[in-house]
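Counting in the UniProt record's numbering, the sequence shown runs from 1 upward without gaps.
Glycine is no exception: its CB is placed at the ideal position from the N, C-alpha and C atoms.
Since the structure comes first, as structure tokens, the remarks are kept for the end.
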Amino acid sequence: MSRSDEQIAALVRGDSVHKSVYTDPDLFALEMQRIYGRVWIYVGHESQVPNPGDTHTTRIGDQDVVMVRAADKQVHVLYNRCPHKGAKLVAEGDHNVGKFFRCPYHAWTFKLDGQHLAAPMKLGFEGTCFDPKHPDFSMRQLARVENYRGFVFANQSAEGPGLKDFLGGVISSIDNLCDRSPSGEVEVAGGVFRVLQPSNWKVFYENLHDTMHARVTHESSFMAARDEAKAIGNMPLELHIMDGNGEPYEFWEKLDLCAYDNGHGYMEGIFDPGAADKDPVTRSHFESLKQAYGEERAREILGMNRHNTIIYGSGSPHTVFQQFRVIRPISVDRTLVEIQVFRLKDAPPALFKRALVYANLINSPSSNVMPDDIEVYGRCQDGNLNHGGDWVSMHRYHGTDREMTGGMVSTNGTSELPMRNQFKAWKQFMMSESAFAQAEPAKEPAHAA
Ligand code: FES
Ligand SMILES: [Fe+2]
1 MSRSDEQIAA LVRGDSVHKS VYTDPDLFAL EMQRIYGRVW IYVGHESQVP
51 NPGDTHTTRI GDQDVVMVRA ADKQVHVLYN RCPHKGAKLV AEGDHNVGKF
101 FRCPYHAWTF KLDGQHLAAP MKLGFEGTCF DPKHPDFSMR QLARVENYRG
151 FVFANQSAEG PGLKDFLGGV ISSIDNLCDR SPSGEVEVAG GVFRVLQPSN
201 WKVFYENLHD TMHARVTHES SFMAARDEAK AIGNMPLELH IMDGNGEPYE
251 FWEKLDLCAY DNGHGYMEGI FDPGAADKDP VTRSHFESLK QAYGEERARE
301 ILGMNRHNTI IYGSGSPHTV FQQFRVIRPI SVDRTLVEIQ VFRLKDAPPA
351 LFKRALVYAN LINSPSSNVM PDDIEVYGRC QDGNLNHGGD WVSMHRYHGT
401 DREMTGGMVS TNGTSELPMR NQFKAWKQFM MSESAFAQAE PAKEPAHAA
């Protein structure tokens, strides 16, 4: 069902949003075109394809794509489709395809940048229009690919801003994650967790800066952590992390929320760098950074204490605990979250262990914390199918947001500014002429002769 711009705009008010944005399959299909077909999406980290022939499959909206390292070390992102009969060429997961792609159906082969290499039995093509140089017979590249400090993003549209302009103020979170390594480099390590959430993709983005839910939704896990700490007579890091959700509303209220254009943002102030100085792992980290960058810069790097950066459409990097929760919409009521954990190259090994502890405790399918969230996400999804009201509230501190360069800021950490900001971007992207130029997936691959 087509929607006019007026109909779409009417779904988003400044302080609330119509519930159909979470439940309507037609709107989901339109999001795949107008958001995922237009904006920069994180594909993966280049460390996931370290050698020529390495592939990593994932999705950009409703499109299966494959990230591949070519012989010249360049990383390409291709639609995962054979141009012969359309078979998905690369099986899901991480593989090495060798020197070229070979389709499992009729053995057409393609170079690692997607260019047609060969098809068996050339005789059969004689006298036909088959032209191996024509783009119709090659795997198609995405319209644009950019690699920022190892983080590979792709865009299905040739129009619109470059990656840096799109990311705006949150690019500094990627910088900070990398700068935490004494050599400025990170790598995905230890495999990934995958969680299928029974809810629309936007519900998770909203929750990432929803400080008002922590001490309610997570009561069972933070109370269990407190009981355990009492029983053993101290509060190790593992319990401390779960205990944090039980902070009173006054604690959350003091945090800063930064909301940038295009739906991005981050939360500041949860981790007190002064307190972190007392932690032996942080101290050894500080020493390694001091050696690499000097004391002042080391303090600056570790002093950036951001929680849950949001890169709208892609997911949520976490700088302090070295992870990226990649968010992939599957259907209007299913969202796949893939949790990548990063090793900081040349940093003390204890940091990677700490990152794994955090991922296990907070984000893994078997953690005590994530199931709390998944329960309420599912309830939002189900509840919004019921009669009893059509609007979802985002009123908290509406009207108090302050302008800043490239976005808005709230010093009331319980504000629903981040959600309002996400829907402001959603509305812009969803217009037939979006904030970015109208774009369809690229018609010609970059390597077209
Ligand atoms: S479908 Fe790929 S070679 Fe036929
Ligand atoms: Fe939560």
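Asked: What number of angstroms, rounded off, separates the C-alpha of residue 155 from the C-alpha of residue 4?; Found: 25 Å
Asked: Distance check for residue 189 and residue 136, CA to CA, integer angstroms please.; Found: 37 Å
Asked: Is there contact here, the region 283-292 with the region 162-182, by at least three beta-carbon pairs under 8 Å?; Found: yes
Asked: Which runs of the beta strand (DSSP E), 3 residues or longer, sit entirely within the region 9-96?; Found: 16-18, 41-45, 54-60, 63-69, 75-79, 94-96
Asked: Using the beta-carbon count (16 or more within 10 Å), is residue 16 buried or exposed?; Found: buried
Asked: Can you give the Cα-Cα distance for residue 102 and residue 122, rounded to whole angstroms?; Found: 16 Å
Asked: Just checking, does the region 189-199 make contact with the region 224-234 on the three C-beta pairs under 8 Å criterion?; Found: no
Asked: Report yes if the C-beta of residue 84 is less than 7 Å from at least one heavy atom of ligand 1; otherwise report no.; Found: yes
Asked: Measure the Cβ-Cβ separation of residue 204 and residue 337 and say whether it is below 8 Å.; Found: yes
Asked: Which term fits residue 433, buried or exposed, when burial requires 16 or more other beta carbons within 10 angstroms of its beta carbon?; Found: exposed
Asked: Based on DSSP bridge pairs, tell me the residues matched to residue 128.; Found: Paired residues: none, contrary to the question.
Asked: Spatial neighbours of residue 44 within its chain, please: C-beta separation below 7 Å, excluding the five flanking residues on both sides.; Found: 56, 58, 67, 152
Asked: Of the choices 278, 367, 158, 395, whose alpha-carbon is the least far from that of residue 40?; Found: 158
Asked: Ends of the beta strand (DSSP E) at residue 329?; Found: 323-331
Asked: Can you give the beta carbon distance from residue 264 to residue 124, rounded, assuming they're within the 8 Å contact cut?; Found: Not a contact, Cβ separation roughly 51 Å.
Asked: Select from 331, 49, 257, 218 the residue whose C-alpha is nearest the C-alpha of residue 411.; Found: 257
Asked: In chain order, what residues of the same chain have a beta carbon less than 7 Å from the beta carbon of residue 372, not counting five sequence neighbours either side?; Found: 217, 218, 220, 221
Asked: Look at residue 456 and residue 76 and say whether their C-beta atoms are less than 8 Å apart.; Found: With the chain running from 1 to 449 in the structure shown, residue 456 is simply not present.
Asked: Taking 7 Å as the cut-off, does the CB of residue 105 come closer than this to any heavy atom belonging to ligand 1?; Found: yes
Asked: Secondary structure at residue 369, three-state DSSP: helix, strand or coil?; Found: coil
Asked: Use the C-beta contact count for residue 384: other C-beta atoms within 10 angstroms, 16 or more gives buried, fewer gives exposed.; Found: buried
Asked: Does the distance from the CB of residue 160 to the CB of residue 38 come in under 8 Å?; Found: yes
Asked: Going by Cα to Cα distance, which pick from 199, 295, 429 is closest to residue 379?; Found: 199
Asked: Report yes if the C-beta of residue 218 is less than 7 Å from at least one heavy atom of ligand 2; otherwise report no.; Found: yes
Asked: Provide the residue span of the alpha helix (DSSP H) that contains residue 178, from first to last.; Found: 171-179
Asked: From which residue to which residue does the alpha helix (DSSP H) around residue 283 run?; Found: 280-293
Asked: State the DSSP-derived secondary structure class of residue 6, mapped to helix, strand or coil.; Found: helix
Asked: Contact between the region 314-323 and the region 341-356: three or more CB pairs below 8 Å?; Found: yes
Asked: Are there 16 or more other CB atoms within 10 angstroms of the CB of residue 177, so buried, or fewer, so exposed?; Found: buried
Asked: Residue range of the beta strand (DSSP E) that residue 112 falls in?; Found: Neither: residue 112 is in no beta strand (DSSP E) and is coded neither H nor E.
Asked: Rank 329, 423, 413, 398 by C-alpha distance to the C-alpha of residue 194 and give the top, closest one.; Found: 329
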